[in-house]
Amino acid sequence: MNMINSRLAKLRNLMRERKLDVFILIVSERANSESCHYISGFRGSSAGLIITQDDAILITDGRYTTQAKLQSNYNIIIQSKISLYEYIANAVKDSNWVNVGFEAEKISYHDYMKYFAPVKANWVDSSDLILTLRRCKDSQEIEYIKQAAKIGRQALANVLKQTHAGMSEIEFDIKLLEQIKLLGGEKGWAHDDFIVASGERSAMCHAPATDKKFMDGDIVTVDYGAMVNGYMSDITRNFALTHLSDKAREINNILLDAHNQAVKALRPGVSGFDVDLTARKVIESAGYGQYFLHGLGHGLGLEVHESPRLSPTSKDILRVGDVVTIEPGIYIEGFGGLRIEDDYLITEDGCECLTINDNQSIEVI
C-alpha cells in the first residue's frame, strides 16, 4: 500500500500541473487492467477509478467485493445497476469538476459519444498520464521482473532436458508453461501465446506453436516469459536438434555481436533510434540487413510491449529506470530464423541485464 500511495501522490502532482480536477480510468473486460493495477493495486477485469486531490474511488461489481478490499486501499463502491461509463458520467455531472482527465486511447468513440460527450465538462485526453508514471520502474518492479526472468530461465532449462526429435511445438509450449507455473510464476505473458517455431517456420517472427514435430537438424526459436505479480520477463533463445548447420552458426554469431554492441550503447540520453542502428549496422555489414524485419526492442513491465521503443522510427530517449529488450533477429524464408533477446534496466552509468545473458549461444540437443 505504501507503493500505491507513493504512485498516487505522483499522479496527483501531474494532475495539478495539468490543472485537472479529476482523473478517470476505466477497465473493461480486462482492457487497461495493467494501469489500474499500477495505480490502485486492483487486478479485476472490470473497474472504474475516480481520482481527485482528496479522494480515490474504485468502482467495481459484486464479483470483486472481497478482492477489491484485499488489493486496494481506495474507497470501494460496489454497483451493478448501470454501466461503469454511465456511473462515471453521472458522477462527473453531479460534481463541480471542470477539467476531467480521461484516457481517450482506451475508450471507444461510441462510448465517449454516448456517455461522456453529453456531460458538460472539459474532457481532457490524458492517455499518457499513467503511462508516464509506469515507464520508470522502481526497485520493487525491478525485483519482480528479475524473479520472472529467473523462473523463465529455469523453466526453459528444465524443458530442454526433456526435448527430443518427434516432440511437437505444442507439446514443448505446454511443458514450458507448466514449468513456469510449477516454479512459482503466475502465468506466461498476460495476453499473448509463446512463440515456438521450428525448422523453416522459425523464419516467421511471431509464429505460435503448432502440431509440427521437431526434426533432426531443425533450428527452434522460443520467445517466452514468466509473470510475477503482474510483471513479465521476455526472453528468446534458440536451439538445434542433433546438429547445427554452418549457416545457422554464422547467423547466431552475427546476432550475438549485434546484441552485444547494442547493449554497449544502452545508457541514459541515447535515442532508441541510435541503439537500433548500432545493432542494424552489424547485421547489414554481415550481408543480412534485409532479413532483420523488426525493431531492436521495446519497453517491458506490466505489459510485454511498453514504451520506450528501439526501432528505426523511434523518437524515444532512454532514461534511468527504463526496462527494455534487446532482440536482434535474422529470418530467411525457406531456411529459418534466429533471435536473441534479453531484458535490460537503464542505469545511471549504462545498463544492467535482468535476465542474466550467459546462455545466449545456440544449444544443440
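Numbering (the working numbering), first residue to last: 394 to 758. Where is the CB? At the ideal position from N, CA and C, for every residue including glycine.
Any idea what DSSP makes of residue i, helix, strand or coil?
i	result
A497	helix
C746	strand
A482	helix
E423	The sequence as given places Arg at residue 423; Glu does not occur at that position. If DSSP states are grouped into helix, strand and coil, R423 belongs with coil.
I755	coil
T635	coil
T603	coil
R409	helix
M396	helix
N515	strand
V656	helix
S532	helix
D627	coil
N622	coil
D611	coil
D414	coil
S428	helix
In chain order, what residues of the same chain lie with their CB nearer than 6 Å to the CB of residue i, ignoring the 5 residues before and after it?
i	result
G441	I419, I452, L477 and I481
D609	A558, L634 and T635
Q446	R405
F607	A558, M560, S591 and L634
I397	G434
E756	F632
S519	G494
S595	I612, T614, G729 and G730
What distance in whole Å lies between the Cβ atoms of residue j and residue i, which are believed to be in contact at a cut-off of 8 Å?
i	j	result
I628	D735	7 Å
I470	I450	6 Å
P721	A672	5 Å
I500	I432	Between I432 and I500 the Cβ distance is about 17 Å, and since that is not below 8 Å, they are no contact.
S707	D669	7 Å
Q753	H652	7 Å
I647	Y681	6 Å
I733	L689	Not quite, the Cβ-Cβ distance comes to about 11 Å (not below 8 Å), so this is no contact.
M394	N466	5 Å
L526	K403	6 Å
In chain order, what residues of the same chain lie with their CB nearer than 7 Å to the CB of residue i, ignoring the 5 residues before and after it?
i	result
Y537	V621, N622 and Y624
Y457	G437
S426	V420, R436 and S438
D650	V675
P601	D586 and I588
Excluding five sequence neighbours on each side, which residues of the same chain lie with their C-beta closer than 8 Å to the C-beta of residue i?
i	result
G714	R528, C529, K530, D531, L738 and I739
E741	P661 and V713
G578	A541, I544, G545, A548, A619, M620 and V621
L511	The displayed chain sequence assigns Pro, not Leu, to residue 511. So the qualifying residues of the chain are A482.
At a cut-off of 7 Å, would you count residue i as near the ligand ATP, judging by its Cβ distance to the nearest heavy atom?
i	result
P661	The model on display carries no ligand, and the ligand ATP is accordingly not part of it.
query: At a cut of 8 Å, does the region 743-750 reach the region 652-669 through at least three beta carbon pairs?
result: Contact between the region 743-750 and the region 652-669 is present, because at least three Cβ pairs lie under 8 Å.
- prompt: Quick one: complete beta strand (DSSP E) runs, 3+ long, within the region 557-599?
  reply: With a minimum length of 3 residues, the continuous beta strand (DSSP E) runs that stay inside the region 557-599 are 588-591.
- request: Please determine if the region 665-674 and the region 629-643 are in contact, where contact requires at least 3 C-beta pairs separated by less than 8 Å.
  value: With a cut-off of 8 Å, the region 629-643 and the region 665-674 do not count as touching, because too few Cβ pairs lie within range.
- prompt: Of all the beta strand (DSSP E) runs that stay within the bounds of the region 669-735, which reach a length of 3 or more residues?
  reply: Scanning the region 669-735 for uninterrupted beta strand (DSSP E) segments of 3 residues or longer gives 690-692, 699-703, 716-719, 722-725 and 729-732, listed from N- to C-terminal end.
The region 717-726 touching the region 540-553, judged by at least three CB pairs closer than 8 Å: The count of Cβ pairs closer than 8 Å, one atom from the region 717-726 and one from the region 540-553, stays below three, leaving the stretches out of contact.
message: Assess contact between the region 560-570 and the region 586-594, defined as three or more Cβ pairs (one per stretch) separated by less than 8 Å. Is contact present?
response: Counting Cβ pairs under 8 Å, three or more are found: they touch.
- prompt: Enumerated in chain order, which unbroken segments of the beta strand (DSSP E) with a length of 3 residues or greater are wholly contained in the region 434-488?
  reply: DSSP runs (the beta strand (DSSP E)) wholly in the region 434-488: 439-444, 449-453 and 468-471.
task: Spell out a yes or no on whether the region 682-698 and the region 569-588 are touching, meaning 3 or more CB-CB pairs, one atom from each, closer than 8 Å.
output: Yes: at least three Cβ pairs fall under 8 Å.
- prompt: Would you call the region 412-432 and the region 485-504 touching, i.e. three or more CB-CB distances under 8 Å?
  reply: Counting C-beta pairs closer than 8 Å gives three or more between the region 412-432 and the region 485-504, which meets the contact rule.
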